[in-house]
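Residue numbers (our numbering): 1 to 356. Ideal Cβ positions, reconstructed from N, Cα and C, are used throughout, including at glycine. The structure displayed is predicted, hence computed values, not measured ones.
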Amino acid sequence: MVSLGLCGAALAAALAASAQANVQANVQTNGNAPGWQLKDTGKNDVRFRGLAAVSRKTAWVAGSKGTVLRTSDGGRTWRDVSPLSAGGLEFRDIEAFDARRAVVLAIGEGEASRVFRTADGGETWTETFRNTDPRAFYDCVTFFDSRNGLAMSDPVDGKYRILSTGDGGKSWTVLPNAGMPAAEPGEAGFAASGQCLVSAGPRDVWLATGGGATGRVLHSADRGLTWTATDATIPAGDPARGVFGLAFRDRDHGIAVGGDYRAGQASPKAAAVTADGGTTWHRSKTPPPAYRSGVTWLPHTKSGALAVGPTGTDLTLDGGRNWRTIDTGSYDTVDCAPDFGCWASGEKGRVARLQL
1 MVSLGLCGAA LAAALAASAQ ANVQANVQTN GNAPGWQLKD TGKNDVRFRG
51 LAAVSRKTAW VAGSKGTVLR TSDGGRTWRD VSPLSAGGLE FRDIEAFDAR
101 RAVVLAIGEG EASRVFRTAD GGETWTETFR NTDPRAFYDC VTFFDSRNGL
151 AMSDPVDGKY RILSTGDGGK SWTVLPNAGM PAAEPGEAGF AASGQCLVSA
201 GPRDVWLATG GGATGRVLHS ADRGLTWTAT DATIPAGDPA RGVFGLAFRD
251 RDHGIAVGGD YRAGQASPKA AAVTADGGTT WHRSKTPPPA YRSGVTWLPH
301 TKSGALAVGP TGTDLTLDGG RNWRTIDTGS YDTVDCAPDF GCWASGEKGR
351 VARLQL
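Right, dumping it as structure tokens:
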């Protein structure tokens, strides 16, 4: 078994090195880059801001009108597995552990913010949390593993509110806010891509903000009990501007994307990078040319990542310092599975898988 494990690790490393080498060679010598292959969902009236990539074959998407879809054949067919009681809800985030287990978050004021969980591929869902505080508005959810996870709400009494689960989303409790720094006036999270709250490893989690004087990233190294806040260098100062999406490939290396989500508004500093877990952030030398809401690292690489937004997709091969647009289609969020299954989703039922 040890030998099999070592062989598997060696194969994964070889595939990763080959994939990154091929991407770099194609971009640098032929001008070719990975591209999206659209998959017909049959849901042109739904916007999918929630996305969970399980593999090249399996993915979940969640969006408006209480809609959840799942594919197990690489996007050739989609099964509508929407919770029966969720028709009027707005799903903005979904976290899936495999083809059967998933947790989906609905956003909104008061009781519109809810969490549902399935363990049978969406055949049945259980509502495991319903917000009863009219001051709370939940935006994103993330998991450290298949049991431990967090969800975040916009500030209540001047601080972000954090929910915690230790049983895979079956039950949730509000964490104490003593270790949470005060929110800036007007500051909140953006429920735009399911990436305003992300984790890496067993304990580290980051929270993206906007709307206040500066776009900030909050970091916790103890699963949400205590937090520190840092200016992420992405401009805010307006309810439409700030940090919209985060991605960390380990506890140190992260990318932040955002800007101004209003159509036609300039977003000249739409990306930033960190190499110290978010203690300091540095502007990308060549950022994406416009607002970006979603970002993900390419699997098993140290420097490849994708960012998406309504006006296109950008690729970086140097860890987020320089970006190049590779597609002009509209997507809100992006996610990659360990087997190089990268997916993107967005408005008008758009879902696509990356072709290397």
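Between R262, T118, A151, S64, which lies nearest to D238 when the distance is taken from Cα to Cα? Your numbering for residue 238 matches position 238 in the sequence shown. The shortest C-alpha separation from D238 is found at R262.
Hey, could you find the ends of the beta strand (DSSP E) H219 is sitting in? Taking the sequence shown and counting its residues from 1, the one referred to as residue 219 is at position 219. Unbroken beta strand (DSSP E) run through H219: 214-220.
Suppose you measure from the CA of G108 to the CA of W172; what does that come to, to the nearest Å? Taking the first residue of the sequence shown as position 1, residue 108 is located at position 108. Taking the first residue of the sequence shown as position 1, residue 172 is located at position 172. One C-alpha to the other measures close to 18 Å.
How about P181: is its Cβ closer than 6 Å to a heavy atom in the ligand NAD? Annotation note on the ligand NAD: not contained in the displayed structure, which lists no ligands.
Nearest-angstrom Cα separation, counted from G320 out to A358: Lying outside 1 to 356, the shown extent of the chain, residue 358 is not represented and no answer is given.
Rounded to whole angstroms, what is the Cα-Cα separation between P202 and D145? Translated into positions along the sequence shown, residue 202 becomes position 202. Translated into positions along the sequence shown, residue 145 becomes position 145. Roughly 7 Å separates the two Cα atoms.
Under three-state DSSP, which class holds G242? By one-based count along the sequence shown, residue 242 stands at place 242. Here G242 sits in strand by DSSP.
Looking at G341: is its Cβ nearer than 7 Å to the Cβ of R56? Residue numbering aside, residue 341 sits at position 341 when the sequence shown is read from its first letter. Residue numbering aside, residue 56 sits at position 56 when the sequence shown is read from its first letter. In this structure, R56 lies closer than 7 Å to G341 by Cβ.
Short CB-CB distance (under 7 Å) between G169 and chain C: Among the chains in the structure shown there is no chain C, since it carries only a single protein chain.
My assumption, with CB atoms under 8 Å, is that D332 sits in contact with T313. Please give the rounded CB distance. Translated into the one-based positions of the sequence shown, residue 332 becomes position 332. Translated into the one-based positions of the sequence shown, residue 313 becomes position 313. That pair is no contact at about 11 Å.
Short Cβ contact (7 Å threshold) for R292 with G309: Translated into the one-based positions of the sequence shown, residue 292 becomes position 292. Translated into the one-based positions of the sequence shown, residue 309 becomes position 309. Taking 7 Å as the Cβ cut-off, R292 and G309 qualify as a contacting pair.
Rounded to whole angstroms, what is the Cα-Cα separation between M152 and G224? Start at 1 with the first residue of the sequence shown, and residue 152 comes out as number 152. Start at 1 with the first residue of the sequence shown, and residue 224 comes out as number 224. Distance between the alpha carbons of M152 and G224: 10 Å.
If you count every other CB in all the chains shown that lies within 10 Å of the CB of E123, and 16 or more means buried, which is it? Within the sequence shown, the letter at position 123 stands for residue 123. A residue is called buried when at least 16 other Cβ atoms come within 10 angstroms of its Cβ; E123 does not meet this threshold and is exposed.
When the Cα atoms are used, what is the spatial distance from A256 to K269? On the sequence shown, position 256 is the one that residue 256 refers to. On the sequence shown, position 269 is the one that residue 269 refers to. Answer to the nearest angstrom: the Cα atoms are 11 Å apart.
When DSSP labels each residue in this structure, what does A361 get in the three-state scheme? An answer regarding residue 361 cannot be provided, because it is not within the stretch 1 to 356 covered by the chain.
Between W400 and T233, is the Cβ-Cβ spacing less than 7 Å? What is shown of the chain runs 1 to 356, which leaves residue 400 out entirely.
Under a Cβ-count criterion, where at least 16 other Cβ atoms within 10 Å of its own Cβ denotes burial, should K285 be classed as buried or exposed? Mapped onto the sequence shown, residue 285 falls at position 285. Label assigned to K285: exposed.
DSSP on G349, reduced to helix/strand/coil? Position 349 of the sequence shown, counted from the first residue, corresponds to residue 349. Looking at G349 - three-state DSSP - the assignment turns out to be helix.
Buried versus exposed, by CB contacts within 10 Å (16 or more), G88: On the sequence shown, residue 88 is found 88 positions in, with the first residue counted as 1. Label assigned to G88: exposed.
What's the C-alpha gap between A266 and R241? Here residue 266 is taken as the residue at index 266 of the sequence shown, counted from 1. Here residue 241 is taken as the residue at index 241 of the sequence shown, counted from 1. If I take the Cα positions, the gap works out to 10 Å.
So, at 6 Å on beta carbons, what are the nonlocal neighbours of T325 in its own chain, with the 5 sequence-adjacent residues on each side left out? Within the sequence shown, numbered from 1, the residue matching residue 325 stands at position 325. For T325, where only same-chain residues beyond five positions count, the Cβ hits under 6 Å are G312, D314.
Let me know the secondary structure DSSP gives G110 once reduced to three states. Residue mapping note: residue 110 aligns to position 110 of the sequence shown, counting from 1. G110 falls in the helix class under three-state DSSP.
C-alpha distance - G169 paired with D231, whole-angstrom precision: Taking the sequence shown and counting its residues from 1, one reaches residue 169 at position 169. Taking the sequence shown and counting its residues from 1, one reaches residue 231 at position 231. If you draw a straight line from the Cα of G169 to the Cα of D231, it comes to about 31 Å.
So, for N177: in the same chain, excluding its five sequence neighbours on each side, which residues have a beta-carbon less than 6 Å away from its beta-carbon? Mapped onto the sequence shown, residue 177 falls at position 177. For N177, where only same-chain residues beyond five positions count, the Cβ hits under 6 Å are K159.
One question on the structure: do G294 and S193 come within less than 7 Å of each other, judged by their Cβ atoms? Mapped onto the sequence shown, residue 294 falls at position 294. Mapped onto the sequence shown, residue 193 falls at position 193. Result yes, Cβ atoms of G294 and S193 sit closer than 7 Å.
Could you tell me the alpha carbon to alpha carbon distance between N22 and F97, rounded to whole angstroms? In the sequence shown, the residue the question calls residue 22 occupies position 22. In the sequence shown, the residue the question calls residue 97 occupies position 97. Per-residue confidence for N22 stands at a pLDDT of 49, beneath the threshold of 50, marking its modelled position as unreliable; no derived number is given.
Note down, in chain order, each residue of its chain lying with its Cβ closer than 6 Å to the Cβ of T118, except the 5 sequence neighbours on either side. Along the sequence shown, read from residue 1 onward, the residue named residue 118 stands at position 118. Cβ neighbours of T118 beyond the five flanking positions: A102, W125.
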